[in-house]
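Novice: Please see the structure below; I have some questions.
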Amino acid sequence: MTMIEVCEVVKADVLVKGEGCQKTVLHVMASDLMSDVLLVDEDDMLLLTSLASDQVLRTAQIVGAVGVIVVNGKPLPSSMVNVANDLRMTLATSKFSKYDACVAIHAALGPT
Amino acid sequence: MSAAPQTHATAATLGGTDPAGGHEPLVLLELIQRLKVRDVMTTKLTTVSRAAPLRQVQELMRKKKISGVPVEESGRFFGLVSIDDIIRALGGGYIEDACSRHMTTKLVVLEDDMPLSFALRYFDRYHYGRFPVLNRDQRLVGIICQRDINRALLVELTRELHRLESSSAKNAEQDGTASIYVLREFPICKYDFENAGKAANQIKQLLQEKKFPPKIIRRIAVAAYELEINLCVHSDGGVLSWQISNGRAEIIARDAGPGIEDVEWACRDGTSTANEWIRSLGFGAGMGLVNVKRVSDEFEITSKKGSGTTVKSVIYTDVAEQG
Numbered sequence: 000m001t002m003i004e005v006c007e008v009v010k011a012d013v014l015v016k017g018e019g020c021q022k023t024v025l026h027v028m029a030s031d032l033m034s035d036v037l038l039v040d041e042d043d044m045l046l047l048t049s050l051a052s053d054q055v056l057r058t059a060q061i062v063g064a065v066g067v068i069v070v071n072g073k074p075l076p077s078s079m080v081n082v083a084n085d086l087r088m089t090l091a092t093s094k095f096s097k098y099d100a101c102v103a104i105h106a107a108l109g110p111t
Numbered sequence: 000m001s002a003a004p005q006t007h008a009t010a011a012t013l014g015g016t017d018p019a020g021g022h023e024p025l026v027l028l029e030l031i032q033r034l035k036v037r038d039v040m041t042t043k044l045t046t047v048s049r050a051a052p053l054r055q056v057q058e059l060m061r062k063k064k065i066s067g068v069p070v071e072e073s074g075r076f077f078g079l080v081s082i083d084d085i086i087r088a089l090g091g092g093y094i095e096d097a098c099s100r101h102m103t104t105k106l107v108v109l110e111d112d113m114p115l116s117f118a119l120r121y122f123d124r125y126h127y128g129r130f131p132v133l134n135r136d137q138r139l140v141g142i143i144c145q146r147d148i149n150r151a152l153l154v155e156l157t158r159e160l161h162r163l164e165s166s167s168a169k170n171a172e173q174d175g176t177a178s179i180y181v182l183r184e185f186p187i188c189k190y191d192f193e194n195a196g197k198a199a200n201q202i203k204q205l206l207q208e209k210k211f212p213p214k215i216i217r218r219i220a221v222a223a224y225e226l227e228i229n230l231c232v233h234s235d236g237g238v239l240s241w242q243i244s245n246g247r248a249e250i251i252a253r254d255a256g257p258g259i260e261d262v263e264w265a266c267r268d269g270t271s272t273a274n275e276w277i278r279s280l281g282f283g284a285g286m287g288l289v290n291v292k293r294v295s296d297e298f299e300i301t302s303k304k305g306s307g308t309t310v311k312s313v314i315y316t317d318v319a320e321q322g
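Here the protein sequences come in this chain order: V and L.
First residue of the first sequence: 0, per numbering that gives the first Met the number 0; consecutive thereafter.
First residue of the second sequence: 0, per numbering that gives the first Met the number 0; consecutive thereafter.
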């Protein structure tokens, strides 16, 4: 399932279509702690977070994530869209809670 | 006077002290040793015979914009009429006299197979504007002035630069990423969360452009990012520097304070001095230094409470070294 298809699953608004938007999502990480995200070595990861800051995108770029979905319908600072464009990182926002988003994506991806 | 000029320059002095004083770049030193006087001198000479009047020399100087004219017949060198000789002739009222009567014969000359370094030393020692150049048979073959030297060095340095550039490009093609050399420094300000992470993002983009292996890129980027965030969050500000050369990436975070009291404690999992605000931004879990250590092949930290902290992370970029 591609990043864009995952966005449809959680009814997310895609604000920036980056380089990874058509990539297949191989892993999903849900976290508000960027320190934890930096410990993950998985490729082509989708980051689900309720943290709305530029650092989320910078962290996602560092670990090579395919994109970021900010959950809980959090309003995003305008700088996030600019940073996402600069880093060519896919950025989306969803009204789903982090838990519901995880459940929906897990169901859509099927058993691994 | 028609006596042959005295030659002061001899090959015996070639082995003397370093004309450049040992401060020039090696390429320049090598050039001034390799180039011979004959490579630099002007060979299209304006000369006069011994019988030519000084007035004729004065006219030649004016027309050709030169300040010295050798006196020569069939290659045999007799002397030089300088602008000083002309001024004296005008003042003394003998400008119509033949050159042979008033030319300078006590001259320092150079030989055409001497290295350029020798000529440079003679310009420095004698403060003359030019030196006549003779060949082994004591025939006049050229004249050399400092402008000739400057022009020749510029041409040769440009050639050398092109050679180095093409050889460097060829090595890069042959050795892949091993021969790439990059050095960057980023100043990091305390609590500047707006910009924190930009340096690491740039580092990653550059590594991707240079086509380093993705796993190596991730490790370097993580180390740089963690160290950058640490500088922003924990220090009073500092500098993140990184370089890649000889198959290794070196990332150094250096700050001027406040220092770490117990370095061992700071490097343990989960230990952090971060406040709630920093935690609310997603950092301060106490995993930063642990993570840097995890991705590094070499890791060093030095710190003292009240002074600065330096953290160095080295990551081998040669895939063969990854085991």
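Don't be surprised by glycine CBs; every beta carbon is placed ideally from N, CA and C.
These figures come from a predicted structure and were not determined experimentally.
#1: Using C-beta distances below 8 angstroms, list every residue in its chain close to D235(L), excluding the 5 sequence neighbours before and after it, in chain order.
#2: Go to S77(V), then tell me how far its beta strand (DSSP E) extends in each direction, as first and last residue.
#3: Under 8 angstroms Cβ-Cβ, which residues of chain V neighbour A199(L)?
#4: Quick check: the Cα distance between I216(L) and G109(V), rounded to an integer number of angstroms?
#5: Answer yes if the segment 37-54 of chain V comes into contact with the segment 9-27 of chain V, meaning at least three C-beta pairs across the two stretches below 8 angstroms, and no otherwise.
#6: When you compare the CB of S52(V) with every CB in chain L, is at least one pair closer than 8 angstroms?
#7: Would you list, in chain order, the members of the segment 20-44 of chain V that have their beta-carbon closer than 9 angstroms to a beta-carbon of chain L?
#8: On the DSSP bridge assignment, give the partners of W241(L) in chain order.
#9: In chain order, what residues of the same chain have a beta carbon less than 7 angstroms from the beta carbon of G78(L), not counting five sequence neighbours either side?
#10: Here's the rule I'm using: 16 or more other beta-carbon atoms within 10 Å means buried, otherwise exposed. How should A50(L) be labelled?
#11: Tell whether a beta-carbon distance below 8 angstroms holds between V9(V) and S93(V).
#12: Identify the residues that DSSP records as bridge partners of D317(L): which are they?
#13: According to the neighbour-count rule (16 or more other Cβ atoms, all chains shown, within 10 Å of its Cβ), is L182(L) buried or exposed?
#14: Listed in chain order, which residues of the segment 72-88 of chain V have Cβ atoms closer than 7 angstroms to some Cβ of chain L?
#15: For L205(L), does the three-state DSSP call read helix, strand or coil?
#16: Check each candidate in S116(L), V80(L), L53(L) and name the one with the smallest Cα separation from D96(L).
#17: Determine the direct distance from the alpha carbon of V140(L) to that of V132(L), and round the result to whole angstroms.
#18: Rounded to the nearest angstrom, what separates V55(V) and A265(L) at their Cα positions?
Specialist: This is what the structure gives:
#1: Stepping through the second sequence from its first residue, residue 235(L) is reached at position 236. Once the five neighbours on either side are set aside, the close Cβ partners of D235(L) are K189, D254, A255, G256, P257.
#2: Reading the first sequence from its first residue, position 78 is the one you call residue 77(V). Run containing S77(V): none in the beta strand (DSSP E); it sits in the alpha helix (DSSP H), 77-86.
#3: Reading the second sequence from its first residue, position 200 is the one you call residue 199(L). Correct list: R57, I61.
#4: Position 217 of the second sequence holds residue 216(L). Position 110 of the first sequence holds residue 109(V). C-alpha separation (whole angstroms): 31 angstroms.
#5: yes
#6: Translated into the one-based positions of the first sequence, residue 52(V) becomes position 53. Output row for S52(V): interface = yes.
#7: S30, D31, L32, M33, S34, D35, V36, L37, L38, D40, D42
#8: As a working note, residue 241(L) is residue 242 in the second sequence. Bridge partners of W241(L): R183(L), I250(L).
#9: Your numbering for residue 78(L) matches position 79 in the second sequence. If we look at G78(L) and ignore the five residues flanking it on each side, its Cβ neighbours are P4, V70, M102, T103, T104, L106.
#10: For this step, residue 50(L) is matched to residue 51 along the second sequence. By the 10 Å Cβ count, A50(L) comes out exposed.
#11: Numbered from its first residue, the first sequence carries residue 9(V) at position 10. Numbered from its first residue, the first sequence carries residue 93(V) at position 94. Yes.
#12: Position 318 of the second sequence, counting from 1, holds the residue named residue 317(L). For D317(L), which the question treats as bridged, DSSP gives no partner whatsoever.
#13: Position 183 of the second sequence, counting from 1, holds the residue named residue 182(L). Result: exposed.
#14: L86
#15: The count along the second sequence starts at 1 and reaches residue 205(L) at position 206. L205(L) falls in the helix class under three-state DSSP.
#16: For the purposes of this step, residue 96(L) is taken as residue 97 along the second sequence, with counting starting at 1. Ranking S116(L), V80(L), L53(L) by Cα distance to D96(L) puts L53(L) first.
#17: Looking up residue 132(L) in the second sequence gives position 133. Looking up residue 140(L) in the second sequence gives position 141. Roughly 6 angstroms between the two C-alpha positions.
#18: Here residue 55(V) refers to the residue found at position 56 of the first sequence. Here residue 265(L) refers to the residue found at position 266 of the second sequence. The alpha-carbon atoms of V55(V) and A265(L) are separated by roughly 24 angstroms.
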